Amino acid sequence: MTRYKWTMFEPVMLLLVVATFLSTGTVKAVIGLGLPTVSPGLLTAALDLPTAMALLLVPSFVRNVCQASTGGHALTILGRFRPFLVMATVTVWIGATAPTRVDLDLFLGLF
517 MTRYKWTMFE
527 PVMLLLVVAT
537 FLSTGTVKAV
547 IGLGLPTVSP
557 GLLTAALDLP
567 TAMALLLVPS
577 FVRNVCQAST
587 GGHALTILGR
597 FRPFLVMATV
607 TVWIGATAPT
617 RVDLDLFLGL
627 F
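Okay, structure coming up:
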């Protein structure tokens, strides 16, 4: 018996993803946590972990953009966090390229 391979754009999968984010979003609204902690566990029941983690980025990004755009102080906030954003961009780039350019045995000494 072969196991059925679900694709992301089937109606059942889309319904599962929407229901997961609606339910975990409701939990987050009520008690203040839930979306980033509960949704990967629910999504990995039907999807693989990398896909579930990638899907988690979408509502988090949308929520952050909505929160940043309300209140009318988006430029002030960007100005305040500019040093952090610049350094985060530089260090993420360094951290992402380091494993491809450095001997990986050097990382074993870090832990």
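If you're matching positions, the sequence shown starts at 517 in the numbering used here and goes up one per residue.
Beta carbons: idealized from backbone N, C-alpha and C, even for Gly.
Predicted model, so just to flag it, every value in this text is computed and none were measured.
Three-state secondary structure (DSSP) at residue i?
i	result
residue 549	coil
residue 591	helix
residue 557	helix
residue 618	coil
Below 8 Å CB to CB, which residues in the same chain sit around residue i once its five sequence neighbours on both sides are set aside?
i	result
residue 615	623
residue 595	none
Applying the criterion that 16 or more other CB atoms from any shown protein chain within 10 Å of the CB defines a buried residue, is residue i buried or exposed?
i	result
residue 536	buried
residue 551	buried
residue 590	exposed
Would you mind working out which of the options sits nearest residue i, comparing C-alpha positions?
i	options	result
residue 564	533, 601, 592, 589	533
To which residues of the same chain is residue i closer than 6 Å at the C-beta, ignoring the five residues directly before and after it?
i	result
residue 558	536
Of all Cβ atoms in chain D, is any one closer than 7 Å to the Cβ of residue i?
i	result
residue 602	Structure shown: chain D not included; a single protein chain is present.
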